[in-house]
Amino acid sequence: MLRAMLSSMRLLLIAVSASAFFVGTEPGSPADLQAGQDLAAGCAGCHGADGISEAPLTPSLAGQPDEFVQWQLVYFRSGARKDEVMGPIAQALSNDDIRNLGAFYASLPSPKPTILPDGLSQAGEKLAALHRCRSCHADDLNGFRAAARLSGQREDVLLKALRDFKSGKRVGSGVASMADATFELSDADLQALSHYLATRP
Amino acid sequence: MTLSATLKSGAATMLAIAVAGAALLVATDTRSEELKSYDSSKKDFWLHPPDDWFMGDETQEQKGTHVLNTLPPPTGFTDDEIKATLQKIKLPPGFKIELWASGVPEARQMAWGKDGTLYVGSFLATNVYAIKDDGGQRTVKTIAKGMKMPTGIAYRDGALYVADIDKIYKYDNPEANPDELPEPKVVYDDMPPYPPHGWKYLAFDKDGWLYVPFGPPCNECLPPTSTSQIRRVNPGNGLAEIVALGVRNSVGGDVDPRTGDYWFTENARDWLGDDVPSDKLNHITKIGEHFGYPYCHQGDIPDPKFAMGHKCSEFSPPALKLGAHMAPLGMKFYTGDQFPADYKNNIILTEHGSWNRHQFQGARLVRVTTDPDGKTVKQTEFATGWIGEDGKYRGRPNDVLEAKDGSLLVADDFTGAIYRISYSK
């Protein structure tokens, strides 16, 4: 079923991109979901077989926006985002590989939350409203273009990301917006936020 | 009164006005609750802009318009894709556009070095580039990396100047090492440290002073009194004076070679709708002139919240309304001989294109003709075609620079490329 869906989506993508290709100004060659899936087999060891991670500090990629996945791979490849594991892996990726991986992970069903809402997540929900997470990550917090899907992400991944944005170790795509958004947040706030986001379906 | 004293007392006066304005708001305005994070009388506003500095005024009507819609494809453009776009660019008869250099991520302001090296700043790419032209073969080198947002670039008397949010650096003899810039000297640093509207553009005047814009750290607010202005900075001794007040986000300007007057582009506030207010081209005719922000937009629209009793007639109107959300950035007076004679002393300005609008518009070059006094100012389209038939961007021009032969270079931070526009009969 999934495979059938994927392959019909793939045809659709090829059709759309191919017509644009003849116009000659559309960037990039058509995304190839099958090639993305083949390549992603190498990522499954850490990021999970269905793009749903069970490894500490390793993000789930299933259901992430296509552009978000692509940007992160581009940042790892250029060194703008530093990571001992992902740096060398991204070095080996071509532009086509990156487009295919983005399309593939975006096509996978997103993870279901494994923790239930509680007092801490309620505090996090208030912070998310106060600090305008939805301005970029969308009303359902499922991500938008270069902004990551936050709903149902692993709590430890979210917390590390927030800490890295706050310390300046990591920079996002949106004009220093994550450094701004985390500027006034305490570490307890970051914990509440990550807990809340991890509980979201 | 010394120049620095002028700056200090000017700032003090404005602080008093801002504080009084804020007090008035709290006392009389029932909406003060929703305005409180935009109150620059609070200390933290000076250290850190509000979290919602650019999305905080989002309206239901404009929802869905977002800066994230204007990012280029993450894996960039190939030269063939860029060339295909350039084939569709419309120019007046006799003009042509070609790809001059690519592989210049997020290319912003440009300046020529003394040996014909082209220096180029960038936005979030954090780089400064040097492009060498060796008989038509161009080599792009990243000569500085890891800066904040080194958008503003200028060159004078053998030195390169880079404005990087809160510092203006001077690099003496940057040609000495073609791979890396030398250790810089900080020539000016009296600037807020945060990125929101902190990216800059530089223009030298005849005396060797730099015009430097200071944007407010918000869409619409009572700005900290060290922002929302244009200063004229002497990089020789670090002195500065405020030459224009009430300026929102300006990232482009040039000195009229006929008069020495400074003209600058200004981006108007967002979230009032697709077609208002208009962005502006301004002309400073006297020092300390106030151009209306945050009280009045486009010379004739009082701000719905922040007019606070002010009338638009109190402020200097724009020399020209450029249209809503066009995002005018870099501009230059054309002084060369290659273009037809009636282009002499015209302004060619770049429009980066909209984000806070349901359909993109802008992404073009505009030709502005004006007499030296700025009494008769007119605009016509000069180069268009960077928005595809699907409504998506294919490029976003943001700066122009005349080459020695009178042709015009164009920086595009969307494709990471430099184009060349030339004319022949």
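As you go down the protein sequences, you meet chains A and R in turn. Its first residue numbered 1, the first sequence is counted upward by one per residue in my numbering. Its first residue numbered 202, the second sequence is counted upward by one per residue in my numbering. Cβ coordinates follow ideal geometry from the N, Cα and C atoms, glycine included. Keep in mind that this is a model prediction, so the values were computed, not measured.
Check your understanding: Any idea which residues DSSP pairs residue 43 (chain A) with across the strands?
Key -> Paired residue(s): none; residue 43 (chain A) is not in a bridge.
Practice item. Taking residue 269 (chain R) as the query, report the chain A residues whose CB atoms sit under 9 Å from its CB, ordered along the chain. Key: Result: 67, 136, 144, 145, 146, 147, 173 and 174.
Point to revise | Every unbroken beta strand (DSSP E) within the segment 455-523 of chain R, with a cutoff of 3 residues, ordered by chain | key: 463-467 and 479-484
Practice item. For chain A, find out if any of its Cβ atoms is closer than 8 Å to the Cβ of residue 272 (chain R); answer yes or no. Key: yes
Check your understanding: So which residues of chain R does residue 95 (chain A) contact, with C-beta pairs closer than 8 Å?
Key -> 276 and 277
Check your understanding: Going straight from the alpha carbon of residue 423 (chain R) to that of residue 262 (chain R), what length do you get?
Key -> 24 Å
Review point. Contact check, residue 253 (chain R) vs residue 132 (chain A) under 8 Å by CB: the rounded distance?
Key: The distance from the Cβ of residue 253 (chain R) to that of residue 132 (chain A) is about 5 Å, consistent with a contact at the 8 Å cut-off.
Check your understanding: Interface residues of chain R around residue 98 (chain A) at Cβ under 8 Å?
Key -> 275 and 276
Point to revise | Contact belief for residue 396 (chain R) with residue 366 (chain R) at Cβ below 8 Å, rounded distance in angstroms | key: For a cut-off of 8 Å, the C-beta gap from residue 396 (chain R) to residue 366 (chain R) is around 6 Å, short enough to register as a contact.
Check your understanding: If residue 350 (chain R) and residue 400 (chain R) are in contact, beta carbons under 8 Å, what's the gap, nearest whole angstrom?
Key -> Rounded to the nearest angstrom, the Cβ distance from residue 350 (chain R) to residue 400 (chain R) is 5 Å, consistent with a contact under 8 Å.
Review point. Taking the DSSP output, what are the residues bridged to residue 609 (chain R)?
Key: R:603 and R:622
Review point. In this structure, does DSSP put residue 227 (chain R) in helix, strand or coil?
Key: Summary for residue 227 (chain R): the model assigns pLDDT 35, below 50, so the residue's position carries little reliability; its value from the coordinates is reported in the next sentence. Note: residue 227 (chain R) maps to helix in three-state DSSP.
Review point. So residue 531 (chain R) packs on residue 307 (chain R), CB below 8 Å; how close in whole Å?
Key: Going by Cβ atoms, the distance from residue 531 (chain R) to residue 307 (chain R) rounds to 14 Å, so no, they are not a contact pair.
Point to revise | Exposed unless 16 or more other CB atoms sit within 10 angstroms - verdict on residue 192 (chain A) | key: buried
Exercise for review: Please list, in chain order, all residues of the same chain as residue 126 (chain A) whose beta carbon is under 7 Å from its beta carbon, the five residues on each side excluded.
Suggested key: none
**Study point:** Residues bridged to residue 341 (chain R) [DSSP beta-bridge criterion]
**Key:** R:332
Check your understanding: With respect to 7 Å, is the separation between the Cβ of residue 272 (chain R) and the closest non-hydrogen atom of the ligand FMN below this value?
Key -> Although the ligand FMN was asked about, the structure shown includes no ligands whatsoever.
Review point. So, is residue 387 (chain R) buried or exposed, given that buried needs 16 or more other C-beta atoms within 10 angstroms?
Key: exposed
Review point. Of the residues R:516, R:328 and R:599, which one's Cα is nearest the Cα of residue 487 (chain R)?
Key: R:516
Practice item. Could you tell me which residues DSSP puts in a beta bridge with residue 373 (chain R)? Key: R:360
Exercise for review: Using a Cβ cut-off of 7 Å, pull out every chain R residue sitting near residue 70 (chain A), in sequence order please.
Suggested key: 275 and 276
Check your understanding: In chain R, what lies closer than 7 Å to residue 165 (chain A) by C-beta?
Key -> Per Cβ cutoff of 7 Å: no residues; residue 165 (chain A) is ~13 Å from chain R at best.
Check your understanding: Looking at the C-beta of residue 256 (chain R), does it have a partner C-beta in chain A at a distance below 8 Å?
Key -> yes
Review point. Taking DSSP as the reference, what is the three-state secondary structure of residue 322 (chain R)?
Key: strand
Check your understanding: Residues of chain R with CB under 9 Å from residue 192 (chain A), in chain order?
Key -> Under the 9 Å cutoff, chain R gives no residues; its nearest Cβ is about 16 Å from residue 192 (chain A).
**Study point:** Counted within 10 angstroms of its Cβ, other Cβ atoms place residue 622 (chain R) as buried (16 or more) or exposed
**Key:** buried
Check your understanding: Going by alpha carbons, who is nearest to residue 280 (chain R) out of R:392, R:383, R:511 and R:303?
Key -> R:303
**Study point:** Sequence-distant residues of its chain with Cβ nearer than 8 Å to residue 374 (chain R) (five each side left out)
**Key:** 359, 360 and 383
Review point. Under a three-way DSSP split, which group does residue 350 (chain R) fall into?
Key: DSSP, reduced to helix, strand and coil, places residue 350 (chain R) outside both helices and strands of the structure shown, so it counts as coil.
Check your understanding: Listed from N- to C-terminal order along the chain, which residues in the segment 115-135 of chain A have their beta-carbon within a distance smaller than 7 Å of any beta-carbon of chain R?
Key -> 131, 132 and 135
Point to revise | Helix, strand or coil at residue 171 (chain A) according to DSSP, with G and I counted as helix | key: Under the three-state reduction of DSSP, residue 171 (chain A) is assigned to coil, being neither helix nor strand.
Review point. So, does the CB of residue 187 (chain A) fall closer than 8 Å to a CB anywhere in chain R?
Key: no
Practice item. Count the CB pairs spanning the segment 566-585 of chain R and the segment 491-502 of chain R that are closer than 8 Å, and state whether there are at least three. Key: no
Check your understanding: Pick from A:69, A:91 and A:139: whose alpha carbon is nearest that of residue 78 (chain A)?
Key -> Comparing alpha-carbon positions, the option among A:69, A:91 and A:139 lying closest to residue 78 (chain A) turns out to be A:91.
Point to revise | Cα-Cα separation, residue 247 (chain R) to residue 393 (chain R) | key: 8 Å
Practice item. Note down the Cα distance separating residue 314 (chain R) from residue 533 (chain R), rounded to an integer number of angstroms. Key: 17 Å
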